[in-house]
Amino acid sequence: MFPSRPRLKKIPRSAISIRAFGHGAEAEQFFARFTRFSIIGLFFIGFAAALYAGQYVLAPVVAAVLVGFTFGPLNGWLERRGLSGGLSAGLIVISLVTTLGLASYSLAVPLESWSSKLPAMSTRLMDEWSKFATPIEKIKDVEEQVNKATTDATTTEVTIKQRGIVTDLISSAADIVSRLVLFVGCLYFFLATRTSIKRSVLKALPTSSMRFSSARIIRDTESFLSRYFLSIALINICFGAVVGIALFVLGVPQPYLWGTLAAVLNFALFVGPAVMTIILLGVGLTTFTDTLPALAPAIVFVALNFLEGQFVTPFVLGERLTLNPLAVLVSIAFWLWLWGPIGAFLAVPILIVGTMIFYHVSPVSNSVAPVDAVLSDDAATQPA
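Numbering-wise, this note's numbering comes out as the position in the sequence shown, counting from 1, plus 75.
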């Protein structure tokens, strides 16, 4: 006969709560709060995973909705002038696609010619970097040279021709075209049915206060996005022109190309200027033989970008439209990690929309301006 298993004494849950976390009421509140935050955290983790898994479909759709919000006031203005929703949306979409198509076509051939110089740029960059290398890195270079010298002298050197940028784009044309078609289609139908979408969303809400708050969110989001990106577009166009003129004075070939590219990349805050600096560094090192003239294009661009970011943009936008750099940086880092380069361009619009929604539905929305969370410190302290 086996000995009987001893029965474990059941300890009341209240006793564990009291010993570990204090009195029963406090423990219950702690567990309830912990459970609530855990559920919220799991929701955001699952939401981010869903966004990452569906990026090939969600990124064009989100981009179309954000662009539709940006052009919403223009679409409404055209409708008030007698145009139907479909016609006004068609005019906006055709104008936008034509502008982007002409810009892409004008940049494709120069970029293809410069893409063949990428190996030379890389070699020159490595040569310049070796001048500032640490002793350990120099020892590694010597070791590599010794290893190359001890290899078989009869080895045939094989040169691999690098594919150009346009060639790489053509190889993935199906994916790009499908995304563009999805973006254009969603943008058109969003603008064409913008009024009916608003009406359907508002009718679906149960209370009048929720309908009023949602109407304010849509109105303020459209107004803020349109004013913000209209101002940013004008600033970037002028910035690209100034960069092109400066590069022309420095003797950089095809300055209009780099000026246009600087204007486009400047829409992606922080990331775009950093990429443009590296590009101009490679262009300068490939074009000029001396070190100082080779570094001049990148140095001039960094100086112009600093002046634009610290003085011109705050002056043009004003305090009410100036975003907090920390919030922008975190948003760009997150969406760049999640959706790649497209996420870098969508980070600021998503940040603006999220801030609008949060401050309209939060309890502090009556006392805090809707965009104070992402505004600079000086703007946030100004009276409404």
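We put the beta carbon where it would ideally sit given N, CA and C, even for glycine.
Practice item. Just the C-alpha distance for LEU322 and GLU187, rounded to the nearest angstrom, thanks. Key: If you number the sequence shown from 1, residue 322 lands on position 247. If you number the sequence shown from 1, residue 187 lands on position 112. Their Cα atoms are separated by approximately 20 Å.
Check your understanding: Can you tell me the Cα-Cα spacing of VAL358 and ALA373, whole angstroms?
Key -> Locating residue 358 in the sequence shown gives position 283, counting from the first residue. Locating residue 373 in the sequence shown gives position 298, counting from the first residue. In a straight line, the C-alpha of VAL358 is about 9 Å away from that of ALA373.
Exercise for review: Classify VAL184 as buried or exposed, calling it buried when 16 or more other Cβ atoms lie within 10 Å of its own Cβ.
Suggested key: As a working mapping, residue 184 is identified with position 109 in the sequence shown. Per the 10 Å Cβ criterion, exposed.
**Study point:** Given 8 Å, three or more beta-carbon pairs between the region 128-141 and the region 249-261
**Key:** Yes, the region 128-141 touches the region 249-261.
Point to revise | Euclidean distance between Cα positions of SER283 and ILE293 | key: Within the sequence shown, numbered from 1, the residue matching residue 283 stands at position 208. Within the sequence shown, numbered from 1, the residue matching residue 293 stands at position 218. A straight-line Cα-Cα distance of about 15 Å links SER283 and ILE293.
Check your understanding: Buried or exposed: which applies to SER406, given that a residue is buried once 16 or more other Cβ atoms fall within 10 Å of its Cβ?
Key -> Residue mapping note: residue 406 aligns to position 331 of the sequence shown, counting from 1. Answer is buried; the Cβ neighbour count reaches 16.
Exercise for review: Would you check if the region 419-429 and the region 339-348 touch, i.e. whether three or more CB-CB distances between them fall below 8 Å?
Suggested key: Taking 8 Å as the limit for Cβ pairs, the verdict is that the region 419-429 does touch the region 339-348.
Check your understanding: Taking the alpha carbon of THR268 as the point to measure from, which residue in GLY160, LEU126, ALA125 and PHE299 has its own alpha carbon closest?
Key -> As a working note, residue 268 is residue 193 in the sequence shown. Among GLY160, LEU126, ALA125 and PHE299, the Cα nearest to that of THR268 belongs to GLY160.
Exercise for review: Please state whether DSSP places LEU193 in a helix, a strand or coil.
Suggested key: Residue mapping note: residue 193 aligns to position 118 of the sequence shown, counting from 1. In the displayed model, LEU193 falls within a helix according to three-state DSSP.
Point to revise | For PHE409, the first and last residue of its enclosing alpha helix (DSSP H) | key: As a first step, residue 409 must be located in the sequence shown, where it is residue number 334. Looking at the DSSP string, the run of the alpha helix (DSSP H) that includes PHE409 is 400-414.
Point to revise | Rounded Cβ spacing between PHE314 and THR352 (contact assumed at less than 8 Å) | key: Taking the first residue of the sequence shown as 1, we reach residue 314 at position 239. Taking the first residue of the sequence shown as 1, we reach residue 352 at position 277. Cβ-Cβ separation between PHE314 and THR352: approximately 14 Å, too far for a contact (criterion under 8 Å).
**Study point:** Sequence-distant residues of its chain with Cβ nearer than 7 Å to LEU404 (five each side left out)
**Key:** Indexing the sequence shown from 1 puts residue 404 at position 329. Listed in chain order, the non-local C-beta contacts of LEU404 below 7 Å within the same chain comprise PHE345, local neighbours out to five positions each way being set aside.
Check your understanding: Going by C-alpha distance, which of THR388, ALA178 and ALA249 is nearest TYR331?
Key -> Against the sequence shown, residue 331 aligns to sequence position 256. Measuring C-alpha to C-alpha distances from TYR331 to each of THR388, ALA178 and ALA249 identifies ALA178 as the nearest.
Check your understanding: Ends of the alpha helix (DSSP H) at GLY129?
Key -> Working through the sequence shown from its first residue, we reach residue 129 at position 54. GLY129 -> no alpha helix (DSSP H), and no H or E assigned at all.
**Study point:** Assigned secondary structure, PRO148 (DSSP; H/G/I helix, E/B strand, else coil)
**Key:** As a first step, residue 148 must be located in the sequence shown, where it is residue number 73. In the three-state reduction of the DSSP assignment, PRO148 falls in the helix class, which pools H, G and I.
Review point. Expressed to the nearest angstrom, what Euclidean distance is found between the alpha-carbon atoms of THR234 and ILE251?
Key: Within the sequence shown, numbered from 1, the residue matching residue 234 stands at position 159. Within the sequence shown, numbered from 1, the residue matching residue 251 stands at position 176. Unreliable positioning characterises THR234 in this predicted model, as indicated by a pLDDT of 49, which lies under 50. A coordinate reading is not provided.
Exercise for review: Tell me the start and end of each unbroken alpha helix (DSSP H) in the region 284-363 that is at least 4 residues and wholly inside, in chain order.
Suggested key: Entirely contained in the region 284-363, the alpha helix (DSSP H) runs reaching 4 residues are, in chain order, 330-340 and 346-362.
Check your understanding: Which word fits SER451, buried or exposed, when buried means at least 16 other C-beta atoms lie within 10 angstroms of its C-beta?
Key -> Within the sequence shown, residue 451 is the residue found at index 376, counting from 1. Low confidence applies to SER451: its pLDDT is 48, below 50, so where it sits in the model is not reliable enough to give any reading.
Check your understanding: So the alpha helix (DSSP H) GLY260 belongs to, where does it begin and stop?
Key -> Position 185 of the sequence shown, counted from the start, is the residue given in the question as residue 260. 248-267 is the extent of the alpha helix (DSSP H) around GLY260.
Point to revise | Straight-line gap, GLY143 to TYR263 (C-alpha atoms, nearest Å) | key: In the sequence shown, the residue the question calls residue 143 occupies position 68. In the sequence shown, the residue the question calls residue 263 occupies position 188. Distance between GLY143 and TYR263, taken at the CA atoms: about 8 Å.
Exercise for review: Report the option in ALA102, PHE109, SER306 and GLU297 whose CA atom is closest to the CA atom of VAL387.
Suggested key: Start at 1 with the first residue of the sequence shown, and residue 387 comes out as number 312. For the set ALA102, PHE109, SER306 and GLU297, the Cα lying nearest the Cα of VAL387 is the one of SER306.
Check your understanding: By the 10 Å Cβ neighbour count, where 16 or more other Cβ atoms means buried, how is TRP152 classified, buried or exposed?
Key -> Translated into the one-based positions of the sequence shown, residue 152 becomes position 77. Result: exposed.
Check your understanding: DSSP state of THR282, grouped into three classes?
Key -> For the purposes of this step, residue 282 is taken as residue 207 along the sequence shown, with counting starting at 1. Correct three-state label for THR282: coil.
Check your understanding: Just reading off the alpha helix (DSSP H) that LEU158 is part of, what are its end residues?
Key -> Locating residue 158 in the sequence shown gives position 83, where the first residue counts as 1. Bounds of any alpha helix (DSSP H) do not take in LEU158, whose DSSP letter is neither H nor E.
Check your understanding: Does GLU383 get closer than 9 Å to chain B when you measure Cβ to Cβ?
Key -> In the displayed structure, chain B is absent; only one protein chain is listed.
Review point. Quick one: is the Cβ of SER163 within less than 8 Å of any heavy atom of the ligand ADP?
Key: Among the ligands in the structure shown, none appear at all, so the ligand ADP cannot be discussed.
Exercise for review: Drop a sphere of 10 angstroms on the beta-carbon of GLY147, count the other beta-carbons inside from all chains shown, and report buried for 16 or more, exposed for fewer.
Suggested key: In the sequence shown, counting from the first residue as 1, residue 147 sits at position 72. That one is buried.
Point to revise | For ILE310 and GLU383, believed in contact at Cβ under 8 Å, the rounded distance | key: Numbered from its first residue, the sequence shown carries residue 383 at position 308. Numbered from its first residue, the sequence shown carries residue 310 at position 235. Right, the Cβ-Cβ distance comes to about 7 Å (below 8 Å), so this counts as a contact.
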